[in-house]
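Notes follow the structure.
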Amino acid sequence: MNSSSSVQFNEQGVPVSTTFDDIYFSVESGVDESQYVFLAQNGLPRRWLSLPAHYSFTIAETGFGTGLNFLLTWKRFLEQAPANTRLHFVSFEKFPLSRQQLEQAYQLLEPLKEFSQLFLEHYPATDPGCHRIILSQGRVILDLWIGDLNELLPKWLPQAQHQIDAWFLDGFAPAKNPEMWQPTLFDAMKQTAHSETTFATFTAAGSVRRALQQSGFEVQKVTGFGRKREMLCGHYHSAEVCQKYYDRRDVTIIGGGISAACSALALKQRGVNVRVVSAGTADGASGNPQGAVYPLLHAEHTPLSRFYWQAFSTATSFYRSFCATHWFPVGVMQPAFNDNRAKRYQRIADELYAPDTVRYLSQPEAEQKAGVSLAVPALHYPKAGWLRPAAVVKSLLETAQIELIEGEATALQKTENGSWQISLKDGSVLVAERVVIATGHHINSLLPESVEPLPIQPVRGQVSLVQTTPLLSSLKTVLCFKGYLVPEDGKHHCVGATFNRDREDLEPTPEDDEENLKQLAENARQPWAESLQLTSQRVSVRATSPDHQPVTGAVAENLYVITALGSRGFTSAPILAEVIACQLTGELTPLTQDALRRISVSRFES
400 MNSSSSVQFN EQGVPVSTTF DDIYFSVESG VDESQYVFLA QNGLPRRWLS LPAHYSFTIA
460 ETGFGTGLNF LLTWKRFLEQ APANTRLHFV SFEKFPLSRQ QLEQAYQLLE PLKEFSQLFL
520 EHYPATDPGC HRIILSQGRV ILDLWIGDLN ELLPKWLPQA QHQIDAWFLD GFAPAKNPEM
580 WQPTLFDAMK QTAHSETTFA TFTAAGSVRR ALQQSGFEVQ KVTGFGRKRE MLCGHYHSAE
640 VCQKYYDRRD VTIIGGGISA ACSALALKQR GVNVRVVSAG TADGASGNPQ GAVYPLLHAE
700 HTPLSRFYWQ AFSTATSFYR SFCATHWFPV GVMQPAFNDN RAKRYQRIAD ELYAPDTVRY
760 LSQPEAEQKA GVSLAVPALH YPKAGWLRPA AVVKSLLETA QIELIEGEAT ALQKTENGSW
820 QISLKDGSVL VAERVVIATG HHINSLLPES VEPLPIQPVR GQVSLVQTTP LLSSLKTVLC
880 FKGYLVPEDG KHHCVGATFN RDREDLEPTP EDDEENLKQL AENARQPWAE SLQLTSQRVS
940 VRATSPDHQP VTGAVAENLY VITALGSRGF TSAPILAEVI ACQLTGELTP LTQDALRRIS
1000 VSRFES
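FYI, in the numbering used here the residues of the sequence shown are 400 to 1005.
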């Protein structure tokens, strides 16, 4: 489980770290302090006024704390930056505060009440890694990296070269928190700086000043805030003129499912002209009537589980921002149908993950939370839920306002000038500068001969819709066992799904409906799971990889893929779309280099 800071609140209501014997913000006025120290001394918001269109102004911060600096920056950016620019705020925090601690701290931040309350709705569970939070309809992105700064910076740095416009050196004072103010930090500042990078910090410690100067920064001492006599600020000084470059060339996406829709929106937000080519929208695995969104957790921390809990943070923030009418964060529950599973679930909840990620509920607690009778304890994901897949996909494409070309792509060929020629089934041809293939298990049929086929396996799945009953209508949360059962939507519940490897046939079968209902009855062993009336069914085919990780990234020059999302496509698609969009434009991704390698095509190379 993640570390947490021991926090008390003093007589004025200001949070105090007992770990570092220091306050989180000024007793006089935390908002005024943040404005003076971090915004004004970095030349903000003045610098925002002249930003070019679609520029992503990127700030890196040491010590997220209560999020005060972020909340104020977010507010001022929306108020004063040009409407066609974006804010990317990257913050590192070793000892994250709980949601309850933030709520108490925010009582002193009345000028930021609107933003603090909205942020609390998006605040992620504080498990280690990067949690990308998408706010203000995608105009503001927060990358909250949970963990030790000295361990995280080397993993983050390879993609951050010359990317940071301003550094907020916060955190506790060097004398009380010397572990943070190490050469690792100052070296990272040097590598991420460009010709217009600035910094500001509340401290005036000589060791910090000298370290910044040795790293290439011109340092000034200025009057500090309140009772602080002095503080440091400055800018990067280098003979080399190095500025950020964003690639905004057009992109054509082939596919009409959730990965295509999320990618189209992520690119459009970054000022890229996008068109989507597909015979239909949400007509494949993304077209089921209901789908669950929750992380994949193991009884030990693994790269796969780490990816999914990070993906889950982005997904819940994304759907809350863009698809609130089709997203229902009612929680997901995994009943423990035997003693071994109960012990495993208890260890997962008690020893490995933050309580906002997952909790272990006793049988009475689980039954109360579920709203239907349960005979066993359960693992509960409080931030999880379900959505309407087809409606979500169509809503995202409408929000993106991209060009939608109805047609089935049949072949892809590189042209002499380096572009891609897309042949359609009706005989027409499109030419694209850059292409993203997001066609699920059909992906190999579009890869050019010069690209090795990907080890993608089709998995056929059938879901069954049943009519609600007086007992079943009280179900309040998603139940997941070997299959799943979703709360009522339009007098129906979705039950599923079968799992048939290497099958691509789409004809529904009575046997699969029988399997879904039998599995539900045998696992639940409750009256509400018996004698359910089947109303319809739907078959789709998932795409999976041998290691169960998605496949995302470049396969050739100006050719990218996003596939193998498996049975958790709606959990992983938002973060994978962010990765694709960042790789195409040159922005910072929310994953470490190791995590990117694990989802890249290169992992299959011998």
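No residue lacks a Cβ here, since even glycine has one placed at the ideal position from N, Cα and C.
Quantities reported herein were computed from a predicted structural model and do not represent experimental measurements.
Which residue from the options puts its Cα closest to that of residue i?
i, options, result
"threonine 970", "Pro926, Arg1002, Ala599, Leu786", "Leu786"
"arginine 475", "Leu448, Trp708, His453", "Leu448"
"histidine 636", "Val676, Leu666, Glu595", "Glu595"
"alanine 480", "Phe463, Ile458, Pro444, Leu508", "Pro444"
"glutamine 613", "Met630, Phe624, Gln581", "Gln581"
"glutamine 948", "Glu805, Val830, Leu695, Arg902", "Leu695"
"aspartate 431", "Phe616, Gly625, Cys661", "Gly625"
"proline 926", "Gly466, Thr943, Ser872", "Ser872"
"alanine 587", "Ser428, Ala559, Ile842", "Ala559"
"glycine 817", "Glu807, Ala831, Arg446", "Ala831"
"arginine 705", "Thr838, Thr724, Leu995", "Leu995"
"threonine 583", "Tyr454, Trp555, Ala574", "Trp555"
By the DSSP assignment, the beta strand (DSSP E) with residue i in it spans what residues?
i, result
"valine 406", "406-408"
"proline 857", "856-866"
"serine 677", "673-677"
"glutamine 820", "819-823"
"lysine 627", "Segment: none, lysine 627 is in no beta strand (DSSP E) and carries neither H nor E."
"threonine 798", "That residue, threonine 798, is in no beta strand (DSSP E); its alpha helix (DSSP H) goes 788-799."
"glycine 952", "950-955"
"arginine 669", "From DSSP, arginine 669 is part of no beta strand (DSSP E); its letter is neither H nor E."
"lysine 813", "808-813"
Can the beta-carbon of residue i be found less than 8 Å from the beta-carbon of residue j?
i, j, result
"valine 771", "leucine 874", "yes"
"glutamine 619", "glycine 605", "no"
"serine 863", "asparagine 915", "yes"
"glutamine 820", "valine 865", "no"
"proline 847", "leucine 795", "no"
"aspartate 755", "lysine 793", "no"
"isoleucine 974", "valine 835", "no"
"histidine 892", "threonine 867", "yes"
"leucine 470", "serine 416", "no"
"glutamate 921", "arginine 859", "no"
"threonine 600", "asparagine 441", "no"
For residue i, I'd like the list of residues in its chain whose CB is within less than 7 Å of its CB, leaving aside the five on either flank, ordered along the chain.
i, result
"arginine 924", "Ala774"
"leucine 919", "Gly882, Leu884, Val894, Ala928"
"leucine 958", "Trp819, Val834"
"glycine 429", "Leu467, Leu507, Leu508"
"arginine 1002", "Arg996"
Between which two residues does the alpha helix (DSSP H) containing residue i stretch?
i, result
"leucine 471", "467-479"
"phenylalanine 494", "Unbroken run through phenylalanine 494: none, as it is neither H nor E."
"lysine 917", "909-923"
"histidine 521", "512-521"
"phenylalanine 721", "702-721"
"leucine 975", "968-984"
"arginine 758", "Looking at the DSSP string, arginine 758 is not in any alpha helix (DSSP H); the run it does join, the beta strand (DSSP E), is 758-760."
"threonine 988", "First-last for threonine 988: undefined, no H or E at that position."
"leucine 556", "Where leucine 556 is concerned, there is no enclosing alpha helix (DSSP H), given that its DSSP letter is neither H nor E."
Who does residue i pair with in a DSSP beta bridge?
i, result
"valine 940", "Arg859"
"asparagine 345", "The question about residue 345 has no answer, for the chain in this structure spans 400 to 1005."
"leucine 878", "Met732, Leu884"
"tyrosine 780", "Val731"
"isoleucine 533", "Ile540"
"tryptophan 447", "BP columns for tryptophan 447 are empty, so no partner."
"isoleucine 545", "Glu492, Gly528"
"threonine 1045", "For residue 1045 there is no data in the structure shown, the boundaries of the chain being 400 and 1005."
"proline 414", "Phe408"
"tryptophan 726", "Leu786"
"glycine 895", "Tyr883"
Which residues in the same chain have their Cβ closer than 6 Å to the Cβ of residue i, if we skip the five residues on either side of it in sequence?
i, result
"lysine 493", "Asp547"
"serine 716", "His521, Ile532, Ile533"
"alanine 789", "Ala681, Gly686"
"leucine 486", "Phe456, Phe476, Val539"
"glycine 462", "Asp569, Gly570"
"threonine 591", "Ala559, Gln562, Ile563"
"tryptophan 544", "Phe491, Cys529, Leu551"
Looking only at its own chain, which residues have a Cβ that is under 8 Å from the Cβ of residue i, when we skip the five neighbours before and after it?
i, result
"valine 1000", "Leu853, Val950, Gly952, Ala953, Val954, Val960"
"leucine 760", "Met732, Lys768, Pro776, Ala777, Leu778, His779"
"phenylalanine 585", "Ala610, Leu611, Gln613, Ser614"
"leucine 751", "Met400, Leu696, Ala698, Glu699, His700"
"valine 1094", "Nothing about residue 1094 can be reported from this structure: the residues present for the chain run from 400 to 1005 only."
"lysine 742", "none"
"leucine 519", "Arg498, Leu501, Glu502, Tyr505"
Could you tell me if the beta carbon of residue i falls within a distance shorter than 7 Å of some heavy atom in the ligand GDP?
i, result
"asparagine 739", "Of ligands this structure carries none, so the ligand GDP is not represented either."
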